[in-house]
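Below is one structure, written out as structure tokens; the observations come after it.
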Amino acid sequence: MNERPALELRRPRKLDQILGDGLSSYGQAIWVLLGVSAAIVIPANAIVNFDSFGRGYQEKAEVGRQIIDVALGFLVISPLVTAMAIHVLREQAENRKAGFLETMRSGFDAFAPLFVAVLIAGVGIALGLFALIVPGIFVAVRWLFVAQAVVIEKKERLDALALSTELTRGLWWRTAGVALAVNLCAIVPTALLALPLEAGADAADADALSLVGTMLGQIVAAPFVALCITLLYFDLVARKAGVSLPGPSAPQADPDWTPPPPPVEGIPRDPGPPPDREPGQERPPDPPGLPPRDPQA
Numbered sequence: 036m037n038e039r040p041a042l043e044l045r046r047p048r049k050l051d052q053i054l055g056d057g058l059s060s061y062g063q064a065i066w067v068l069l070g071v072s073a074a075i076v077i078p079a080n081a082i083v084n085f086d087s088f089g090r091g092y093q094e095k096a097e098v099g100r101q102i103i104d105v106a107l108g109f110l111v112i113s114p115l116v117t118a119m120a121i122h123v124l125r126e127q128a129e130n131r132k133a134g135f136l137e138t139m140r141s142g143f144d145a146f147a148p149l150f151v152a153v154l155i156a157g158v159g160i161a162l163g164l165f166a167l168i169v170p171g172i173f174v175a176v177r178w179l180f181v182a183q184a185v186v187i188e189k190k191e192r193l194d195a196l197a198l199s200t201e202l203t204r205g206l207w208w209r210t211a212g213v214a215l216a217v218n219l220c221a222i223v224p225t226a227l228l229a230l231p232l233e234a235g236a237d238a239a240d241a242d243a244l245s246l247v248g249t250m251l252g253q254i255v256a257a258p259f260v261a262l263c264i265t266l267l268y269f270d271l272v273a274r275k276a277g278v279s280l281p282g283p284s285a286p287q288a289d290p291d292w293t294p295p296p297p298p299v300e301g302i303p304r305d306p307g308p309p310p311d312r313e314p315g316q317e318r319p320p321d322p323p324g325l326p327p328r329d330p331q332a
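When we follow our numbering, the leftmost residue of the sequence shown carries the number 36, and every step to the right adds one.
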């Protein structure tokens, strides 16, 4: 059993909490996440980019190859890693440790419906990008949670797109900002791993080294992005349900305060100052025709 407190999923989170909880979840299951990520990234890239092995270094890939690499990441690598990251988060929410084989199985079990929904989203985003770029960016944020809708909510095809659209309604800018921040954070380890190998590929005139650097960056960054985007999904679900962010608690009662004793029969309780004056004010003069009041009143 995991000795850490169970992770609460469906609650609002600020950006720093999304990044912090994502990094913490990553650290708790780092070897499982790196293992499943490598099991997806390496074969997928090796199959698609098999001609990189034995070829001289190319500083810039052809446009067709770039499109294939983007499609590979969007349609295969990202959905599978996301499905497996969701499994890891669910296990942590139950205070359990995710295993490698069960995490792999969870991703491949969800891949068929996941691929269809992500493919539909990809076509829509591509059409928007080819049209005016801005529409593509808009729908990319709208459909950011298609994978979560399929894996968590069991939605399929257009229903998954509709759920993601509904979650981001009124929260588009926040969703876009958090997603951008998450991906910017992921760029750092990617660059640290890829740039030295890119330089080595140039020096050795071996494109395979550049491919290895790309794969290492994807292996490390993909789980972190998947964890954080899934936590953002749960954040939006909680906000839509009306759950508010934790804030200052209500004023607490003084622990030293005790209620006044009940009145003793025959001795009236002191009612305090009369309503015609505040504490500390002088008593107003007695109205004419009435007997004088007790000077202590």
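Don't be surprised by glycine CBs; every beta carbon is placed ideally from N, CA and C.
- Query: Just how far apart, CA to CA, sit P294 and V67?
  - Reply: Position 259 of the sequence shown, counting from 1, holds the residue named residue 294. Position 32 of the sequence shown, counting from 1, holds the residue named residue 67. Any reading at P294 must be qualified, since the residue scores a pLDDT of 44, below 50, and its modelled position is unreliable; the value itself is stated next. Each residue's alpha carbon lies about 57 Å from the other.
- Task: Please determine if the segment 241-248 and the segment 199-215 are in contact, where contact requires at least 3 C-beta pairs separated by less than 8 Å.
- Result: Short answer: they don't touch.
- Element boundaries [alpha helix (DSSP H), containing P114]: Taking the sequence shown and counting its residues from 1, one reaches residue 114 at position 79. For P114, the uninterrupted alpha helix (DSSP H) segment begins and ends at 113-128.
- Message: What does the alpha-carbon distance come out to for the pair P224 and L69?
- Response: Position 189 of the sequence shown, counted from the start, is the residue given in the question as residue 224. Position 34 of the sequence shown, counted from the start, is the residue given in the question as residue 69. For P224 and L69, the distance between alpha carbons rounds to 13 Å.
- Message: So, does the segment 138-154 touch the segment 182-195, judging by three or more C-beta pairs under 8 Å?
- Response: Short answer: they touch.
- Can you tell which of D51, Q183, G252 has the C-alpha that lies nearest to the C-alpha of A73? In the sequence shown, residue 73 corresponds to position 38, counting from 1. The shortest C-alpha separation from A73 is found at G252.
- Just reading off the alpha helix (DSSP H) that I264 is part of, what are its end residues? If you number the sequence shown from 1, residue 264 lands on position 229. Per DSSP, I264 is one residue of the alpha helix (DSSP H) stretching across 242-275.
- Message: Here's the rule I'm using: 16 or more other beta-carbon atoms within 10 Å means buried, otherwise exposed. How should V105 be labelled?
- Response: Here residue 105 refers to the residue found at position 70 of the sequence shown. V105 is exposed by the Cβ-count criterion.
- Task: Leaving out five residues on either side along the sequence, give the residues of the same chain with a beta carbon under 7 Å from the beta carbon of A256.
- Result: Position 221 of the sequence shown, counted from the start, is the residue given in the question as residue 256. Counting only Cβ-Cβ distances below 7 Å, and skipping sequence neighbours, we find A221, P224, T225.
- Message: Tell me which residues share the same chain as P333 and place their Cβ nearer than 6 Å to its Cβ, disregarding the 5 neighbours each side in the sequence.
- Response: Limits of the chain in this structure are 36 at one end and 332 at the other, which puts residue 333 out of reach.
- Message: Taking the straight line between their C-alpha atoms, what separation do you get for G277 and D56?
- Response: The count along the sequence shown starts at 1 and reaches residue 277 at position 242. The count along the sequence shown starts at 1 and reaches residue 56 at position 21. Using only the alpha carbons, I get a separation of about 21 Å.
- Item | A216 vs V176 beta-carbon contact at 8 Å | Within the sequence shown, numbered from 1, the residue matching residue 216 stands at position 181. Within the sequence shown, numbered from 1, the residue matching residue 176 stands at position 141. No, Cβ-Cβ distance for A216 and V176 is not below 8 Å.
- Of the residues L58, I75, I53, the one placed nearest F135, counting alpha carbons only: As a first step, residue 135 is located in the sequence shown; it is residue number 100 there, counting from the start. Closest by C-alpha distance to F135, out of L58, I75, I53, is I75.
- Task: Out of V111, N218, L107, point me to the one whose CA is closest to L50's CA.
- Result: For the purposes of this step, residue 50 is taken as the residue at position 15 of the sequence shown. For L50, the nearest C-alpha among the options comes from N218.
- Item | Boundaries (first-last residue) of the alpha helix (DSSP H) holding A64 | Counted from its first residue, the sequence shown places residue 64 at position 29. Note, A64: premise wrong, no alpha helix (DSSP H); not H, not E.
- Query: From L267, I103, R39, V272, pick the residue whose C-alpha is nearest to that of G212; which is it?
  - Reply: Residue numbering aside, residue 212 sits at position 177 when the sequence shown is read from its first letter. The shortest C-alpha separation from G212 is found at L267.
- Between M139 and the rest of its own chain, which residues show a CB-CB distance below 8 Å, the 5 nearest in sequence each way excluded? Counting from 1 along the sequence shown, the entry for residue 139 is found at position 104. V71, A74, M119.
- Endpoints, the alpha helix (DSSP H) within which A175 is located: On the sequence shown, residue 175 is found 140 positions in, with the first residue counted as 1. Start and end: 169-177.
- Item | For G142 and I160, believed in contact at Cβ under 8 Å, the rounded distance | Taking the first residue of the sequence shown as 1, we reach residue 160 at position 125. Taking the first residue of the sequence shown as 1, we reach residue 142 at position 107. The C-beta separation of I160 from G142 comes to about 22 Å, leaving the pair out of contact by the 8 Å criterion.
- Query: Just curious, the alpha helix (DSSP H) that G134 is in, first and last residue?
  - Reply: By 1-based counting over the sequence shown, the position of residue 134 is 99. That residue, G134, is in no alpha helix (DSSP H); it is neither H nor E in DSSP.
- Residues near V260 in its chain [Cβ-Cβ closer than 7 Å; skip 5 each side]: As a working mapping, residue 260 is identified with position 225 in the sequence shown. Shown here for V260: same chain residues with a beta carbon closer than 7 Å to its own, the five before and five after excluded, namely V217, N218, A221 in chain order.
- Message: Nearest by alpha-carbon distance to L107: which of I82, Q127, A229 is it?
- Response: Within the sequence shown, numbered from 1, the residue matching residue 107 stands at position 72. Closest in C-alpha terms to L107, from the list I82, Q127, A229, comes I82.
- Three-state secondary structure (DSSP) at E233? Residue numbering aside, residue 233 sits at position 198 when the sequence shown is read from its first letter. Helix, per DSSP.
- Grouping DSSP H, G and I as helix and E and B as strand, with all else coil, what is I75? One-based indexing of the sequence shown puts residue 75 at position 40. Shown here, I75 sits in a helix according to DSSP, grouped into three states.
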